[in-house]
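2 protein chains.
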Amino acid sequence: MPSAFNTLLEPDLREMLSQHDDVGVNAFCTELYPSVIAEVLEGMESERAWEVLSHAPPLRQAEIFENFPLDYQVVLVRTIPHQALSRIIEEMAHDDRVDLIGQLEPELVETLMPLIAHAERVDILKLLEYPEDSAGSLLTTDYASLPADISVQEALDRLRSQAPSRETIYYVYIVDEQRHLLGFLSLRKLILAKPTSRLSEIMLRDVKSLNVDDDREQAANEILRNGFIAMPVVDKDKKLVGIITHDDAAEVQHQEAEQDAYRQAAVAPLDDGYLETPFFTLAWKRGIWLVILLGASSLTAHVLNFFEPGDASWMVLFLPLVLASGGNAGSQSATLVVRAISQNETKGQARRIAWREIRIGTVLGTVLAVIAFSMAWLLLWRGDYASTVGLTVFAVVGFGTFFGAMLPLGLDRIGVDPALMSNPLIASLSDMLGVVVYYSVAHWLTAGTV
Amino acid sequence: MPSAFNTLLEPDLREMLSQHDDVGVNAFCTELYPSVIAEVLEGMESERAWEVLSHAPPLRQAEIFENFPLDYQVVLVRTIPHQALSRIIEEMAHDDRVDLIGQLEPELVETLMPLIAHAERVDILKLLEYPEDSAGSLLTTDYASLPADISVQEALDRLRSQAPSRETIYYVYIVDEQRHLLGFLSLRKLILAKPTSRLSEIMLRDVKSLNVDDDREQAANEILRNGFIAMPVVDKDKKLVGIITHDDAAEVQHQEAEQDAYRQAAVAPLDDGYLETPFFTLAWKRGIWLVILLGASSLTAHVLNFFEPGDASWMVLFLPLVLASGGNAGSQSATLVVRAISQNETKGQARRIAWREIRIGTVLGTVLAVIAFSMAWLLLWRGDYASTVGLTVFAVVGFGTFFGAMLPLGLDRIGVDPALMSNPLIASLSDMLGVVVYYSVAHWLTAGTV
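Going down the list, the protein sequences come from chains U and H.
Quick note: to get the working numbering, add 22 to the position in the first sequence (first position is 1).
Quick note: to get the working numbering, add 22 to the position in the second sequence (first position is 1).
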């Protein structure tokens, strides 16, 4: 659905811009969902996107801005005048803006900070201090809090004037003057309560809370297990320092599952989606592990050499290494593509993915072939034998990379769960191919003596 | 934190029960979080748990009940009198009770249904009809809806009297008399609006909605991507049939990621956690795939036989099969344990996991050994050769299963990310061990002729 909006709305929007139709552009910025607007703008050059955004008030700009992926935010920031940018940062969700500022060059941050209102600046600096893997890094300080000794009626009036902006007004935290967390009330309970009741009479006192130093993943799991919209976070003195909201918890759970999947397939975790990750970043994140695994396989060759010494069986020594290289490269591709399919990243991208995997396979195959050649040379001291191993590794890594990506894509296209093409199954298919290639190359390079 | 509650509260509770301290038990049931109460009760025999629960009013019973895992719910149901059980089902969240009823024996459902109020019964039957992988299966019909032509003041009054129970009151859907979805209002917007405004003036008209027939995973992703608390679901006539809430969406995302991880490692997806899955279920879900993969590897043996015919190199033919068997079994264990670690299932369970994996490894090793023996026999027609292959498969599958589980547990204990012990790395280590075992067994069984 969102992609349909994108293609439908973009031509209209460009038309409005060229006609200087300010009313139309303003309507575009205010009448649609921020996530839809962000998706349309993301498809445009950043100067154009800012031209559109500048028609909206700062709060709306911030709401749309939060919906861009972080790397697009970083690009867009460069086209926005500093004064306007500082207004946007003031209005952004407190956790999102800290993520953005963490990505900007120190010089830009230094220029921006003095332009940002004092209270917001203090808040940003405090949130920036929490370590990346702590619950503190997920905090937003944009929550509703009230004292315990007021009435329900007064509480509702105060909430109206606080009007906590975009995170959550649905959970209200009751604190004393030193901001110690005393209790909790849901907005539901507040509007159902007698207007004259005191908050202290109706609030829940035994509030489940997290600690700023808690592990980020554990904190997220705790929120999701309870099905809460948000959970309060306290410091070591039990003072309320912020809340973590359900959407950020779900995002953490998702990221951690993705990263586990990558690590399990021996791919260093990606920061972005599969197709968004730059070519050489992806090649590096795969290659480094393939090299480590090649090293481990070369030990197997040495073990085999102990049992099968002598020139006659040289091919056997490197058989496990050759087969493992193809299987590992194939498993990496399959895992990346299966994750990408589950994130809807692959629709209509089959040709692009094929071409990309061919290039990655060539690069990885070349690097591994050189290393495998050297390993074989050091064990066998024969150029033709070492060349056989090197060439075969090049071929199986190249084929493995390509077919490991194509098989799940093919299954998905015919409506079968692509994860059924499991990594061990891909490794098995790659084994068969590997044997054929290995013996054929050997036959050719050693002039038929094998 | 929750487990601490468990051990702290359970002795107190047993004391209160034995002293017939009804006031104390009632306080236990009403003053703590339902999730905490559920966790304490889950540690008790189901008769005892019901003895405690029976002190609470039906709404509270239902809230606690929803927090039990589904399989405990099914057990507990047997100890609850039918009349009381039907009251609980009436009060349960609409999606949770449909999940429960789907698990009960048809006879029990037939006995219960007449005891349940008519409107609730109709709702249950309707929700039971949606296919398991559709957005409809995640529906709850417990949401707030209002007509468009009333004032904000009247809307708040009506919400107070509807008081939508436990799912969400925070999002209000505006419908016409045929329940067509016209618009949307958040409770936040309602309490901030002028009391005399009409809903039709302030509601959002372009409401993002899902269709009952949408794929369940896509629907969940859509809710999470937008960070909504809930999303409305319409039928093909655009009539509102229910909502899906953020916590159910996060649960689906989590389940799907788990299942992908299992499938990628060639384990048929588990319905429960690793330690909760019964022994033979787990053995079956792993074994079936190991057998398929063994079949694929035997093709590699035939391909090798084409290149290396003759008795001299019989060991080479089955080298890839032997090594792959160990690696595959190890990868399965590692994946299961890494997922269990990320779900906090493994704390203090290392010995139990070790013992379990030893038994599973023995069962899987025996089955695969018999099959591998037969395959080798059919290709080589030699009892000693086939026995070598069979015995080695038994050993590498057994060791692979055990070490594949223990290595991630060990990494976790010393504070290293257990997913770093990736499946290909486990396969590599298993290869080395496999070579040693294979040649040692061959040396022993063929009386030194190898």
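In this text, a Cβ means the ideal position worked out from N, Cα and C, and glycines have one as well.
From a predicted model like this one, the values you see are computed outputs, not experimental measurements.
Inter-residue Cα distance where the pair is residue i and residue j
{"i": "residue 403 of chain U", "j": "residue 409 of chain U", "result": "11 Å"}
{"i": "residue 141 of chain U", "j": "residue 36 of chain U", "result": "38 Å"}
{"i": "residue 412 of chain H", "j": "residue 303 of chain H", "result": "24 Å"}
{"i": "residue 406 of chain U", "j": "residue 324 of chain U", "result": "19 Å"}
{"i": "residue 312 of chain U", "j": "residue 445 of chain U", "result": "15 Å"}
{"i": "residue 297 of chain H", "j": "residue 366 of chain H", "result": "11 Å"}
{"i": "residue 42 of chain U", "j": "residue 257 of chain H", "result": "41 Å"}
{"i": "residue 255 of chain H", "j": "residue 152 of chain H", "result": "13 Å"}
{"i": "residue 466 of chain U", "j": "residue 386 of chain U", "result": "24 Å"}
{"i": "residue 116 of chain H", "j": "residue 88 of chain H", "result": "10 Å"}
{"i": "residue 64 of chain H", "j": "residue 243 of chain U", "result": "20 Å"}
{"i": "residue 533 of chain H", "j": "residue 94 of chain H", "result": "No information on residue 533 of chain H is available, as it lies outside the stretch 23 to 472 that chain H covers here."}
{"i": "residue 361 of chain H", "j": "residue 84 of chain U", "result": "37 Å"}
{"i": "residue 426 of chain U", "j": "residue 355 of chain U", "result": "5 Å"}
{"i": "residue 283 of chain U", "j": "residue 353 of chain U", "result": "11 Å"}
{"i": "residue 9 of chain H", "j": "residue 331 of chain H", "result": "Absent from the structure is residue 9 of chain H, since the part of chain H shown begins at 23 and ends at 472."}
{"i": "residue 102 of chain U", "j": "residue 300 of chain U", "result": "25 Å"}
{"i": "residue 96 of chain H", "j": "residue 357 of chain H", "result": "29 Å"}
{"i": "residue 287 of chain U", "j": "residue 437 of chain H", "result": "20 Å"}
{"i": "residue 295 of chain H", "j": "residue 278 of chain H", "result": "14 Å"}
{"i": "residue 443 of chain U", "j": "residue 359 of chain H", "result": "21 Å"}
{"i": "residue 38 of chain U", "j": "residue 54 of chain U", "result": "16 Å"}
{"i": "residue 214 of chain U", "j": "residue 132 of chain U", "result": "48 Å"}
{"i": "residue 464 of chain U", "j": "residue 462 of chain H", "result": "28 Å"}
{"i": "residue 33 of chain H", "j": "residue 364 of chain H", "result": "30 Å"}
{"i": "residue 292 of chain U", "j": "residue 122 of chain H", "result": "39 Å"}
{"i": "residue 56 of chain U", "j": "residue 126 of chain U", "result": "23 Å"}
{"i": "residue 212 of chain H", "j": "residue 228 of chain H", "result": "17 Å"}
{"i": "residue 220 of chain H", "j": "residue 428 of chain U", "result": "55 Å"}
{"i": "residue 432 of chain H", "j": "residue 236 of chain H", "result": "43 Å"}
{"i": "residue 164 of chain H", "j": "residue 281 of chain H", "result": "29 Å"}
{"i": "residue 397 of chain U", "j": "residue 341 of chain U", "result": "13 Å"}
C-beta atoms of residue i and residue j nearer than 9 Å
{"i": "residue 15 of chain U", "j": "residue 289 of chain U", "result": "It is not possible to answer for residue 15 of chain U, since the shown part of chain U is limited to 23 through 472."}
{"i": "residue 275 of chain U", "j": "residue 272 of chain H", "result": "yes"}
{"i": "residue 314 of chain H", "j": "residue 161 of chain H", "result": "no"}
{"i": "residue 224 of chain U", "j": "residue 207 of chain U", "result": "yes"}
{"i": "residue 172 of chain U", "j": "residue 180 of chain U", "result": "yes"}
{"i": "residue 344 of chain U", "j": "residue 305 of chain U", "result": "no"}
{"i": "residue 156 of chain H", "j": "residue 285 of chain H", "result": "no"}
{"i": "residue 203 of chain U", "j": "residue 148 of chain U", "result": "no"}
{"i": "residue 460 of chain U", "j": "residue 392 of chain U", "result": "no"}
{"i": "residue 262 of chain U", "j": "residue 201 of chain U", "result": "yes"}
{"i": "residue 104 of chain H", "j": "residue 269 of chain U", "result": "no"}
{"i": "residue 62 of chain H", "j": "residue 31 of chain H", "result": "yes"}
{"i": "residue 217 of chain H", "j": "residue 197 of chain H", "result": "no"}
{"i": "residue 51 of chain U", "j": "residue 70 of chain U", "result": "no"}
{"i": "residue 146 of chain H", "j": "residue 119 of chain H", "result": "yes"}
Contact belief for residue i with residue j at Cβ below 8 Å, rounded distance in angstroms
{"i": "residue 457 of chain U", "j": "residue 347 of chain U", "result": "Actually they are not in contact, since the Cβ atoms of residue 457 of chain U and residue 347 of chain U sit about 13 Å apart, beyond 8 Å."}
{"i": "residue 167 of chain U", "j": "residue 194 of chain U", "result": "7 Å"}
{"i": "residue 420 of chain U", "j": "residue 349 of chain U", "result": "Contact flag wrong, Cβ pair sits at about 13 Å."}
Q: With 8 Å as the C-beta to C-beta threshold (strictly closer), list the residues of the region 205–233 of chain H near chain U in chain order.
A: Residues 209, 210, 213, 214, 228, 230.
(Q) Measuring CB atoms only, is the region 381–390 of chain U touching the region 318–337 of chain U, in the sense that at least three cross pairs come out at less than 8 Å? (A) Between the region 381–390 of chain U and the region 318–337 of chain U, the count of Cβ pairs shorter than 8 Å is below three; the stretches do not touch.
Q: Quick one: which residues of the region 352–386 of chain H get their C-beta closer than 7 Å to a C-beta of chain U? List them in chain order.
A: So the list reads 353, 357, 360, 364, given in the order they occur along the chain.
Q.
Pairs of beta-carbons, one from the region 172–187 of chain H and one from the region 240–259 of chain H, closer than 8 Å: are there three or more?
A. The region 172–187 of chain H, when compared against the region 240–259 of chain H, does not touch it at the 8 Å Cβ threshold.
**Q.** contact_flag[the region 131–149 of chain U, the region 100–117 of chain U] where n(CB pairs < 8 Å) is 3 or more
**A.** Because the criterion of three Cβ pairs below 8 Å is met, the region 131–149 of chain U and the region 100–117 of chain U touch.
Q) For the region 325–349 of chain H, which residues have a beta carbon sitting closer than 7 Å to at least one beta carbon of chain A? A) Protein chains U and H are contained in the structure displayed, whereas chain A is not.
Q) Between the region 45–56 of chain H and the region 69–80 of chain H, do at least 3 Cβ pairs fall closer than 8 Å? A) Counting Cβ pairs under 8 Å, three or more are found: they touch.
Q: Taking a Cβ distance cut-off of 8 Å, strictly less, list which residues of the region 439–463 of chain U are near chain H, in chain order.
A: Those residues of the region 439–463 of chain U that come within reach of chain H (Cβ to Cβ, closer than 8 Å) are 439, 441, 442, 444, 445, 446, 447, 449, 450, 451, 453, 454, 457, 458, 461.
(Q) Give me the subset of the region 257–279 of chain H whose CB atoms are less than 9 Å from a CB atom of chain U, sorted by chain position. (A) Answer in chain order: 267, 268, 269, 270, 271, 272, 273, 275, 276, 278, 279.
Q.
Against chain U, which members of the region 51–65 of chain H pass a CB distance test of less than 9 Å?
A. Hits within the stretch, in order: 53, 54, 55, 57, 58.
Q) If you measure beta-carbon to beta-carbon, which residues of the region 284–301 of chain H are closer than 8 Å to chain U? A) Across the region 284–301 of chain H, CB contacts with chain U closer than 8 Å involve 285, 286, 287, 288, in sequence order along the chain.
(Q) Closer than 9 Å between beta carbons: that is the criterion. Which residues of the region 389–419 of chain U meet it against chain H? (A) The residues in question: there are none.
Q: Taking only beta carbons into account, state which residues of the region 300–319 of chain H come closer than 8 Å to chain U, listed in chain order.
A: Here the close residues are 311, 314, 315, 318, 319.
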